[in-house]
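Numbering (the working numbering), first residue to last: 438 to 548. The block underneath contains the structure these notes are about, expressed in structure tokens.
Structure follows, in structure tokens:
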């Protein structure tokens with residue numbers, strides 16, 4: 438899926454959510470190279486909209502089921518991209534491994 442298609446899909450998700458969900462908290466997580474990190478999820482969260490800032494050559498790998506990602510295991514996401522996480526368990530269990538420096542994961546939480 439190209440960048441424009443991804444952006445359109447993300448816009449559609451956000452539009453659908455705003456009718457049934459309310460943004461109520463946010464987090465900017467500064468990611469540390471070669472470290473596994475988790476989110477600090479507020480109570481009542483049902484959906485998270487995430488944006489990964491940083492260079493397009495740096496990346497994270499993540500799992501939403503509680504497993505621990507590594508440099509070669511997990512869903513790969515490069516900098517300057519957005520993605521979403523649905524469901525309280527998947528959001529709480531989110532862990533990411535960072536490959537690169539200067540990356541920040543910005544998260545908007547919805548209930």
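We put the beta carbon where it would ideally sit given N, CA and C, even for glycine.
Neighbour-count burial assignment, residue i, 16 or more Cβ in a 10 Å radius
i           : result
residue 495 : buried
residue 516 : buried
residue 528 : buried
residue 531 : buried
residue 504 : exposed
Which residues DSSP lists as bridging residue i, in chain order
i           : result
residue 519 : 488
residue 465 : 543
Rounded separation between residue i and residue j - CA only
i           : j           : result
residue 482 : residue 457 : 13 Å
residue 544 : residue 518 : 12 Å
residue 541 : residue 524 : 22 Å
residue 466 : residue 522 : 16 Å
residue 548 : residue 480 : 9 Å
residue 438 : residue 485 : Interpretation of residue 438 is limited by its pLDDT of 48, a score under 50 that renders its predicted location unreliable; the figure taken from the coordinates is listed afterwards. Cα to Cα, residue 438 sits roughly 21 Å from residue 485.
Contact check, residue i vs residue j, beta carbons under 9 Å
i           : j           : result
residue 491 : residue 468 : yes
Cβ separation of residue i and residue j, assumed to be a contact under 8 Å, to the nearest whole Å
i           : j           : result
residue 511 : residue 534 : 6 Å
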